[in-house]
Amino acid sequence: KQEVTQIPAALSVPEGENLVLNCSFTDSAIYNLQWFRQDPGKGLTSLLLIQSSQREQTSGRLNASLDKSSGRSTLYIAASQPGDSATYLCASCYGQNFVFGPGTRLSVLP
Amino acid sequence: DTGVSQDPRHKITKRGQNVTFRCDPISEHNRLYWYRQTLGQGPEFLTYFQNEAQLEKSRLLSDRFSAERPKGSFSTLEIQRTEQGDSAMYLCASSLVVGQPVSSYEQYFGPGTRLTVT
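Chains as they are written, first to last, in my numbering: chain A, 1 to 110; chain B, 1001 to 1118.
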């Protein structure tokens, strides 16, 4: 069964800290892996997409890595800000099927 | 580019009633997806369309759920004889898939429709 897990479930950090969110997937035959942000009661906003042939992607203060062999992806957030507070979800794509993790709820304290 | 829109944003219905949700994807996008998300969980994939063709529907939760995309533009998701367990956020997403490899496309999500069944 294709499953995605995310650790930790929740994280609270002071403003300015660098942090890492983890995503693990059981089936390494992914097409791509996408990281999203979700604010309470809202839809998902795409942050980064890593194709299966890539190792990492960067956008501003965000850097996502992908290691297919170990079934892991990480999202690194540099110099965190209170506006980064949200739930972060990763999703593995298997062509016609997308499997989401349960998310990591991040709180950045001013 | 106005993004993916969904209507209504909130729906409260009584158990046993039918409900229909609408999704308008980004105009040039050829793929459209429906998901269900319950509190504290990630979205659960339900079905998707390539243009007007429904290519995957085995993950629809029961035969009370159906989806259409009649002209390859907007889509509707209908739930018949709603149950309290259907209460959730229903999300729509779209993407543009052109040629190969398909690994390059991104999904863009709408704001969701929150359904409450009383």
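Note that the Cβ used here is the ideal one computed from N, Cα and C, for glycine as well.
Exposed or buried, residue i, counting other C-beta atoms within 10 Å across all chains shown (16 or more means buried)?
i         : result
A/Leu47   : buried
B/Leu1055 : exposed
B/Gln1006 : buried
B/Thr1118 : exposed
A/Leu109  : exposed
A/Ser92   : buried
A/Ala10   : exposed
B/Pro1043 : buried
A/Ser69   : exposed
A/Ala86   : buried
Are residue i and residue j closer than 8 Å when you measure CB to CB?
i         : j         : result
B/Ala1093 : B/Thr1038 : no
A/Ser80   : A/Glu15   : yes
B/Phe1045 : B/Arg1059 : yes
A/Leu44   : A/Cys90   : no
B/Ser1075 : B/Glu1083 : no
B/His1029 : B/Ser1095 : yes
B/Gln1107 : A/Pro102  : no
A/Ser53   : A/Ile30   : no
B/Arg1031 : B/Phe1049 : yes
B/Arg1081 : B/Asn1018 : yes
B/Glu1078 : B/Thr1116 : no
A/Gln6    : A/Thr26   : no
A/Thr74   : A/Leu21   : yes
Could you give the residue range of the beta strand (DSSP E) that holds residue i?
i         : result
B/Asp1007 : 1005-1007
B/Lys1071 : Element bounds for B/Lys1071: n/a, residue is neither H nor E.
A/Ala77   : Ala is not the amino acid found at residue 77 of chain A; the sequence shown has Ile there. It spans 72-77 - the beta strand (DSSP E) in which A/Ile77 sits, taken as one unbroken run.
A/Val67   : In the sequence on display, residue 67 of chain A carries Asp and not Val. Unbroken beta strand (DSSP E) run through A/Asp67: 62-67.
A/Ile7    : 4-7
B/Lys1011 : 1010-1013
A/Ser92   : 86-93
B/Ala1088 : 1088-1095
A/Val108  : 104-109
B/Tyr1033 : 1031-1037
B/Arg1114 : 1113-1117
A/Thr24   : Inspection of the sequence shows that residue 24 of chain A is occupied by Ser rather than by Thr. 19-25 is the span of the beta strand (DSSP E), which, as asked, contains A/Ser24.
A/Val99   : 98-100
With DSSP run on the structure shown, which of helix, strand or coil describes residue i?
i         : result
B/Gln1050 : strand
A/Gln34   : strand
B/Asp1024 : strand
A/Pro14   : strand
A/Gln51   : strand
A/Gln57   : strand
Spell out whether any CB of chain D is found under 8 Å from the CB atom of residue i.
i         : result
B/Glu1106 : Looking at the structure shown, chain D is missing, and the protein chains on hand are A and B.
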